[in-house]
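Colleague: In this note's numbering, the protein residues as written are 1 to 200. Just so it is clear, CB atoms sit at the ideal spot from N, CA and C, and this is done for glycine as well. Submitted below is the structure of interest, expressed as structure tokens.
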């Protein structure tokens with residue numbers, strides 16, 4: 001048999017990942033089978049296993065691609081600003097945009113992935129920590145510059161902000177409301193900075 005080119009292997013890998021993303025988004029992780037993914041990718045079940053060991057590895061790779069993309073966006077959008085309020089607003093706005101642009105994956109993560117028994121200590125949890133660590137970084141930077149008071153707990157603030165965004169986005173994720181991304185980001189930033197920013 002002729003050898004498969006590296007490009008052909010990459011194309012198959014990408015097609016399987018895209019099929020997995022579609023299947024997980026539409027049916028949920030638990031309800032999706034390898035056969036479902038293979039059918040969408042127009043390949044055999046066995047060929048999926050030549051590229052991925054199991055369904056969990058596929059989920060991880062789908063989420064890894066997702067996080068890599070939004071992390072790059074986040075770094076670009078947040079750190080083009082110098083001052084803390086602008087950085088915070090950019091971060092909140094981008095996170096809200098994720099719920100709008102990747103609604104199905106966000107629903108999957110909240111309702112199935114994060115609640116799974118093997119989430120704690122998993123590579124997927126580490127991806128999420130890497131993402132939320134951007135906020136911790138900008139808070140620590142702002143403490144150093146005196147924009148934020150030194151008694152602010154960065155991890156607690158992280159939990160407050162991401163928890164608030166998730167709560168605000170949940171109706172949208174479930175198809176019961178629309179997110180006003182720009183206005184919500186502005187309102188939440190003003191609310192937070194008025195309480196944590198030091199006097200100028």
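Measuring alpha carbon to alpha carbon, tell me which of 59, 138, 4 and 110 ends up nearest residue 81.
Modeller: 138
Colleague: Taking buried to mean at least 16 other C-beta atoms within 10 Å of its own C-beta, is residue 1 buried or exposed?
Modeller: Residue confidence is low: residue 1 scores 46 on pLDDT, short of 50, so the model does not pin down where it sits. Its coordinate-derived value is still stated next. So residue 1 counts as exposed.
Colleague: From what residue to what residue does the alpha helix (DSSP H) around residue 145 run?
Modeller: 123-145
Colleague: Going by Cα to Cα distance, which pick from 35, 107 and 116 is closest to residue 46?
Modeller: 35
Colleague: Do residue 224 and residue 157 have their C-beta atoms closer together than 9 angstroms?
Modeller: Nothing can be reported for residue 224: it is not among the residues displayed for the chain, which extend from 1 to 200.
Colleague: To the nearest angstrom, how far is it from the Cα of residue 186 to the Cα of residue 20?
Modeller: 35 angstroms
Colleague: Mind pulling the beta strand (DSSP E) runs of 3 or more residues that sit fully within the segment 15-50?
Modeller: Runs of the beta strand (DSSP E) inside the segment 15-50: none found.
Colleague: Counting only C-beta atoms, is residue 57 closer than 9 angstroms to chain D at any point?
Modeller: Here there is only one protein chain, and chain D is not present.
Colleague: Just mark residue 50 as buried or exposed, buried being the case when its beta carbon has 16 or more other beta carbons within 10 Å.
Modeller: exposed
Colleague: For residue 30, count neighbouring Cβ atoms within 10 angstroms of its own Cβ and tell me buried if that reaches 16, exposed if not.
Modeller: Only exposed fits residue 30, as fewer than 16 other CB atoms lie within 10 angstroms of its CB.
Colleague: For residue 23, which option in 37, 128, 76 and 103 has the closest C-alpha, if you only look at C-alpha atoms?
Modeller: Ranking 37, 128, 76 and 103 by Cα distance to residue 23 puts 37 first.
Colleague: Report back the beta-carbon spacing between residue 173 and residue 124 to the nearest angstrom; my notes put them in contact at under 8 angstroms.
Modeller: Contact doesn't hold; Cβ gap of about 18 angstroms is too wide.
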